[in-house]
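Heads up: the sequence shown begins at 177 in this note's numbering, then just goes up one per residue. Ideal Cβ placement from N, Cα and C applies to all residues, glycine included.
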Amino acid sequence: MAVQEYNPEQLIGWHEGLGNDQITTTYFNFEDLPPIPYYTDSFTGADCNSLVSVWPSNNPEEGTPPIIKVHKNIPEQLQGYFALHEYIEFDIARLPGVENPETGEAWTCAEIEELVLDLIPSDLRLSYVQRRIDMFNFIDQNISGLTGEMSETRRFLSTVLEEETPPSTKCAGMSDEEFDMLSPQEQELRLMYVQRAATL
């Protein structure tokens with residue numbers, strides 16, 4: 177799925193327009209990065225609560241941030257990390273000379289996902305991972321299918337989910353086969369219920 181790029185002048189006008197439309201601009205602040213602006217959106221007509229969209233600049237060196245929209249139903253404590261991934265992938269990682277120091281090559285989507293995951297508090301990681309998988313599944317089934325890089329990212333996230341889900345709650349009292357037949361949303365709800373019950 178190719179992402180269209182825009183002139184910085186267009187992006188500046190749209191940033192101003194979104195503000196004039198009283199759409200809340202949220203700034204995600206992380207360490208020494210400049211504040212990352214993003215907007216929340218209902219993505220009307222899309223049956224997925226984990227979507228994000230990005231309108232990047234065709235000249236990231238100029239400094240105009242991309243327009244990043246995050247689904248309003250993503251928990252607030254996760255929204256900034258969704259925005260951070262898009263900001264890194266479609267702004268920072270596209271600057272001349274910016275490479276993954278471990279490979280000496282351009283950052284891949286999966287590598288950026290791993291980078292962002294390392295920054296997320298441990299109690300939020302699985303929720304973030306599941307929502308990102310839901311997003312890729314929705315894109316695959318309803319929009320354009322996945323590029324090879326996006327498929328690689330989904331595989332990476334699925335491995336993280338498999339490895340980090342606690343054995344006691346992995347199937348939430350069900351057999352592996354029964355749990356695997358549930359939709360991703362049903363799996364998440366069932367795990368949330370079991371984890372909550374364990375704290376009572």
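### Minimum C-alpha distance to Glu265 - residue among Gln363, Gln253, Ile243, Ser298
Ile243
### Task
Buried or exposed for Gly256, please, with buried defined as at least 16 other CB atoms from any protein chain shown within 10 angstroms of its CB.
buried
### Task
Please classify Leu329: does DSSP put it in a helix, a strand, or coil?
Note that residue 329 corresponds to Thr in the displayed sequence, not to Leu. In the structure shown, Thr329 sits in a helix (DSSP, three-state: H, G or I).
### Message
If I follow the unbroken alpha helix (DSSP H) through Asp299, where does it start and stop?
### Response
298 to 314
### Query
Would you call the CB atoms of Leu271 and Glu325 closer than 9 Å?
no
### Task
Compute the distance between the beta-carbons of Val305 and Leu295, then report whether it is under 9 Å.
no
#### Entry: Beta-carbon spacing of Ile315, Leu260 below 9 Å
no
### Query
For Thr375, which three-state DSSP category applies?
Here the model assigns Thr375 a pLDDT of 48, short of 50, so the residue's position is not dependable and the matter cannot be decided.
### Task
Measuring alpha carbon to alpha carbon, tell me which of Leu367, Val230, Pro297, Thr279 ends up nearest Gln180.
Val230
### Query
If we count Cβ pairs, one from each stretch, closer than 8 Å, do we get three or more for the segment 215 to 235 versus the segment 245 to 256?
yes
### Message
Quick check on Ala282: buried or exposed, where buried means 16 or more other Cβ atoms within 10 Å of its Cβ?
### Response
exposed
### Query
By how many angstroms is the C-alpha of Leu209 removed from the C-alpha of Glu192?
22 Å
### Message
Using the three-state DSSP reduction, which class does Ile212 fall into: helix, strand or coil?
### Response
strand
### Message
Based on DSSP bridge pairs, tell me the residues matched to Ser334.
### Response
Partner(s): none; Ser334 has no beta bridge.
### Task
Identify, in the order they occur along the chain, each residue of the same chain with its Cβ nearer than 6 Å to the Cβ of Glu353, setting aside the five sequence neighbours on each side.
none
### Three-state class that DSSP yields for Val179 in the structure shown
coil
### Message
Could you check whether Leu358 and Thr341 sit closer than 9 Å to each other, using their CB atoms as the reference points?
### Response
no
### Message
Let me make sure I understand the geometry here. Which of Gly239, Gln317, Ile309, Asn318 has the alpha-carbon closest to that of Phe332?
### Response
Ile309
### Message
Could you tell me the alpha carbon to alpha carbon distance between Glu339 and Thr284, rounded to whole angstroms?
### Response
22 Å
### Query
Could you give the distance in angstroms between the alpha-carbon of Phe355 and the alpha-carbon of Arg330?
19 Å
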